[in-house]
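A.B. asks: Provided herewith is a single structure, encoded as structure tokens, for subsequent inquiry.
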Amino acid sequence: MNPRVALNDGNSIPQVGLGVWQTPPDETERAVTAALQSGYRHIDTAAAYQNEVETGRALASAGVPRDEVFLVTKLWNGDQGYDATLGAFEASLDRLGVDYLDLYLIHWPVPAKNAYVDTFKAFAHLRDQGRIRSIGVSNFEPEHLKILIDSTGIVPAVNQIELHPLLPQRELREVHTQLGIATEAWSPLGQGSLLADPVITEIAAAHGKTPAQVLIRWHIQLGNIVIPKSVNPERIASNFDVFDFELSEQDIASIASLENGTRLGPDPRTFNFTG
Ligand code: A2P
């Protein structure tokens, strides 16, 4: 059974979801359909991924009631600001073909733009109107979280960050725990780069599981919300078959040895791209 992670607003999110970053639009409908058929009830997309239409098509045709699927999308950097956010939100909803979101995230803080506080105020307005169930952020560092909370009085429900054994984000996870923010991991498999690592393959062999399953299980046991990406229906199904085994403390300690600080994506403190 896919556990649910409690959020600070009273809602809860299925811990394992399908991520569709880098899933080409023409493969997205098939991937999301495969995920829903395998039992996933949490799909994570973004306006910037340019596959919201195809994600929505899969949701519409899968025969799973809307209220059983936890749907997440993200506001793109160029749309930050109060009024622009309201427009971008409607456009995402139109593309997805739904009338509410379970979770809307500010994709990046974009410090140079200095608009994430106004953006989050628009999120709060949409939440108060019942158009979004939970509001959160992505790629926020502690200083961005502090400004956001001090300025709005609202603690985001989720911060979705790059997180994998090379970059386990111990400091940020501690900050989240203190503030009551759920940690969500993007690139949870290190974009596939960790799948051949001998530490991971050895643990996988010992448990009779795949390297991807070991990595997803590591996230689950850390308490992370986790959204592995795959376009392949068999891999999508096997990435969800992670609820019947447990990593030992020794396994977790071995995986901790992989930490080297490698970031696969941009540094949120300097990523100001709005194109
Ligand atoms: P593919 O989409 O062809 O399955 P992350 O979620 O960290 O970004 O990692 C995604 C990468 O890992 C993609 O290249 C994806 O390839 C690959 N991947 C996902 N699940 C598996 C799996 N179970 N076995 C092998 N590769 C996987």
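For the sequence shown, position 165 (counting from the first letter as 1) is numbered 165 according to UniProt numbering, and the numbering increases by one without interruption. Note that the Cβ used here is the ideal one computed from N, Cα and C, for glycine as well. All figures in this text were calculated on a predicted structure; none of them were measured in a lab.
How many whole angstroms separate the CB atoms of residue 16 and residue 216, which I take to be in contact at a CB cut-off of 8 Å?
C.D. replies: Start at 1 with the first residue of the sequence shown, and residue 16 comes out as number 16. Start at 1 with the first residue of the sequence shown, and residue 216 comes out as number 216. Right, the Cβ-Cβ distance comes to about 7 Å (below 8 Å), so this counts as a contact.
A.B. asks: Which residue wins for smallest C-alpha separation from residue 77, given the options 176, 175, 49 and 62?
C.D. replies: Residue numbering aside, residue 77 sits at position 77 when the sequence shown is read from its first letter. If we check each option's Cα against that of residue 77, 49 comes out closest.
A.B. asks: Of all the options 13, 213, 223 and 244, which has the alpha carbon lying nearest to the alpha carbon of residue 234?
C.D. replies: The residue labelled residue 234 in the question sits at position 234 within the sequence shown. When only C-alpha atoms are compared, the closest one is 213.
A.B. asks: Throw me the rounded Cβ distance for the residue 142 and residue 172 pair, which I believe falls under 8 Å.
C.D. replies: Stepping through the sequence shown from its first residue, residue 142 is reached at position 142. Stepping through the sequence shown from its first residue, residue 172 is reached at position 172. About 7 Å; that satisfies the 8 Å criterion.
A.B. asks: Could you tell me which uninterrupted alpha helix (DSSP H) segments, each at least 4 residues in length, are contained entirely in the region 243-267, listed from first to last along the chain?
C.D. replies: Qualifying alpha helix (DSSP H) stretches, in chain order: 249-256.
A.B. asks: For residue 75 and residue 246, I'd like the C-alpha separation in whole angstroms.
C.D. replies: To locate residue 75, count along the sequence shown from 1; it is residue 75. To locate residue 246, count along the sequence shown from 1; it is residue 246. If I take the Cα positions, the gap works out to 35 Å.
A.B. asks: Determine the DSSP secondary structure at residue 103, reduced to helix, strand or coil.
C.D. replies: Stepping through the sequence shown from its first residue, residue 103 is reached at position 103. Looking at residue 103 - three-state DSSP - the assignment turns out to be strand.
A.B. asks: Pick out whichever of 165, 189, 31 and 106 has its Cα sitting closest to the Cα of residue 72.
C.D. replies: Taking the first residue of the sequence shown as position 1, residue 72 is located at position 72. Per the Cα distances, 106.
A.B. asks: Quick one: measure Cβ to Cβ for residue 284 and residue 89, integer angstroms, because I've assumed they're closer than 8 Å.
C.D. replies: Residue 284 cannot be examined here, being either before or after the span of the chain that is shown, 1 to 275.
A.B. asks: Who are the Cβ neighbours of residue 290 in its own chain at under 7 Å, not counting the five residues just before and after it?
C.D. replies: The first residue shown for the chain is 1 and the last is 275, placing residue 290 beyond what the model contains.
A.B. asks: In chain order, what are the residue ranges of uninterrupted alpha helix (DSSP H) at least 4 long that sit wholly in the region 10-89?
C.D. replies: Within the region 10-89, the complete alpha helix (DSSP H) runs of at least 4 residues are 25-38 and 52-61.
A.B. asks: When the distance is taken between beta carbons, is residue 227 closer than 7 Å to residue 19?
C.D. replies: Taking the sequence shown and counting its residues from 1, the one referred to as residue 19 is at position 19. Taking the sequence shown and counting its residues from 1, the one referred to as residue 227 is at position 227. For residue 19 and residue 227, yes; Cβs fall inside 7 Å.
A.B. asks: Between the C-alpha atoms of residue 151 and residue 63, what's the straight-line distance to the nearest angstrom?
C.D. replies: As a working mapping, residue 151 is identified with position 151 in the sequence shown. As a working mapping, residue 63 is identified with position 63 in the sequence shown. Straight-line Cα distance between these residues: approximately 42 Å.
A.B. asks: Which residue from 170, 156 and 122 puts its Cα closest to that of residue 181?
C.D. replies: Sequence index remark: in the sequence shown, residue 181 carries index 181 (1-based). Among 170, 156 and 122, the Cα nearest to that of residue 181 is on 156.
A.B. asks: Which runs of the beta strand (DSSP E) spanning at least 3 residues fall entirely within the region 216-242, listed in chain order?
C.D. replies: Qualifying beta strand (DSSP E) stretches: none in this window.
A.B. asks: Counting contacts by CB-CB distance shorter than 7 Å, is residue 72 in contact with chain D?
C.D. replies: Of the protein chains in the structure, only one exists, and it is not chain D.
A.B. asks: Applying the 10 Å Cβ sphere with the 16-neighbour rule, what's the burial state of residue 120?
C.D. replies: Numbered from 1 along the sequence shown, position 120 holds the residue referred to as residue 120. Buried, by the Cβ-count rule.
A.B. asks: Give me the Cβ distance between residue 46 and residue 21, rounded to the nearest whole Å; I'm assuming they're in contact under 8 Å.
C.D. replies: Counting from 1 along the sequence shown, the entry for residue 46 is found at position 46. Counting from 1 along the sequence shown, the entry for residue 21 is found at position 21. That belief holds up - the Cβ atoms of residue 46 and residue 21 are roughly 7 Å apart, short of 8 Å.
A.B. asks: Answer yes or no: do residue 104 and residue 135 have a C-beta to C-beta separation smaller than 7 Å?
C.D. replies: Counted from its first residue, the sequence shown places residue 104 at position 104. Counted from its first residue, the sequence shown places residue 135 at position 135. In contact: residue 104 and residue 135 (Cβ atoms closer than 7 Å).
A.B. asks: My assumption, with CB atoms under 8 Å, is that residue 158 sits in contact with residue 7. Please give the rounded CB distance.
C.D. replies: Within the sequence shown, numbered from 1, the residue matching residue 158 stands at position 158. Within the sequence shown, numbered from 1, the residue matching residue 7 stands at position 7. The Cβ separation is near 7 Å, so the contact holds.
A.B. asks: Does the separation of the CB atoms of residue 51 and residue 33 fall below 7 Å?
C.D. replies: As a first step, residue 51 is located in the sequence shown; it is residue number 51 there, counting from the start. As a first step, residue 33 is located in the sequence shown; it is residue number 33 there, counting from the start. It is not a contact, given that the beta carbons lie outside the stated cut-off.
A.B. asks: Residues in the same chain with beta-carbon distance under 6 Å from residue 11, minus the five sequence neighbours each way, listed in chain order, please.
C.D. replies: In the sequence shown, the residue the question calls residue 11 occupies position 11. 133 and 134.
A.B. asks: Which of the three DSSP states, helix, strand or coil, is assigned to residue 167?
C.D. replies: To locate residue 167, count along the sequence shown from 1; it is residue 167. The answer is strand: DSSP assigns residue 167 an E or B state.
A.B. asks: Straight-line CA distance for residue 124 to residue 239?
C.D. replies: Counting from one through the sequence shown, the residue named residue 124 turns up at place 124. Counting from one through the sequence shown, the residue named residue 239 turns up at place 239. Computed Cα separation, rounded: 34 Å.
A.B. asks: At a threshold of 6 Å, does residue 134 count as lining the ligand A2P (C-beta to nearest heavy atom)?
C.D. replies: For this step, residue 134 is matched to residue 134 along the sequence shown. Not under cutoff, so the answer is no.
A.B. asks: Among residues of its own chain, excluding the 5 on either side of residue 42, which ones have a beta-carbon nearer than 6 Å to its beta-carbon?
C.D. replies: Within the sequence shown, numbered from 1, the residue matching residue 42 stands at position 42. Here the set comprises 14, 17 and 70.
A.B. asks: With a Cβ-Cβ cutoff of 7 Å, do residue 207 and residue 190 count as a contact?
C.D. replies: Counting from one through the sequence shown, the residue named residue 207 turns up at place 207. Counting from one through the sequence shown, the residue named residue 190 turns up at place 190. Going by C-beta atoms, residue 207 is not nearer than 7 Å to residue 190.
A.B. asks: Measuring from the CB of residue 232, is there a heavy atom of the ligand A2P at a distance below 6 Å?
C.D. replies: Your numbering for residue 232 matches position 232 in the sequence shown. Yes, the beta carbon of residue 232 sits closer than 6 Å to at least one heavy atom of the ligand A2P.
A.B. asks: Report the residue from 99, 84, 85 and 148 whose alpha carbon sits nearest the alpha carbon of residue 131.
C.D. replies: On the sequence shown, residue 131 is found 131 positions in, with the first residue counted as 1. Among 99, 84, 85 and 148, the Cα nearest to that of residue 131 belongs to 99.
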